[in-house]
Structure formats: structure tokens, C-alpha cells
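FYI, the numbering for the sequence shown is 1 to 58, going by the numbering used here. Notes for the one structure printed next.
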Amino acid sequence: MNIIYVLIPLSVILMVLAIGAFFWAVKNDQFDDLDTPAMDILDDDEEPPNDNDRSGSQ
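Following this line, the structure appears as C-alpha cells:
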């Protein structure tokens, strides 16, 4: 029964820290743009080589 006197304040402190971290993240625009990072992986950075640029005997 004595452990409840430790667990309840500990859980309240952890909850306050989690809520504080959430509000800090919102204030610093961590959740501002959720679509662009997901779409960046689909964008090609390099252009494919052109067939006319290859040198070789014909």
C-alpha cells in the first residue's frame, strides 16, 4: 500500500513531462508539415542518362 504514495506522484510527474514535451513540439513547429518528408522519398534527384550521350561504335 505504501508504494501507491510513490507511484501516483511519479505518474503525475511523467504525465506533466509528456504534455510539456508535446506543447514544446507544437510550439517549435515540429508538426507543421507532415506531407513533405513523406513525399521526398518519391522524388528523383538524378536525371537518367540520355541515350544520345553514350559514346560507342556504330
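Just so it is clear, CB atoms sit at the ideal spot from N, CA and C, and this is done for glycine as well.
Separation of residue j from residue i, as counted between CA atoms
i, j, result
"LEU7", "VAL26", "29 angstroms"
"LEU17", "ILE41", "33 angstroms"
"PHE22", "ASP43", "30 angstroms"
"LEU34", "ILE4", "40 angstroms"
"GLU46", "ILE13", "50 angstroms"
Cβ-heavy atom distance, residue i to the ligand ZN, below 7 angstroms
i, result
"LEU42", "Only the bare structure without any ligand can be found here, which leaves the ligand ZN out of the picture."
Within-8 angstroms CB hit, residue i to chain D
i, result
"VAL6", "Absent here is chain D; the protein component of the structure consists of one chain."
* With a floor of 3 residues, list each beta strand (DSSP E) that falls wholly inside the region 15-47, ordered by position along the chain. => Given a length threshold of 3 residues, the region 15-47 has no whole run of the beta strand (DSSP E) inside it.
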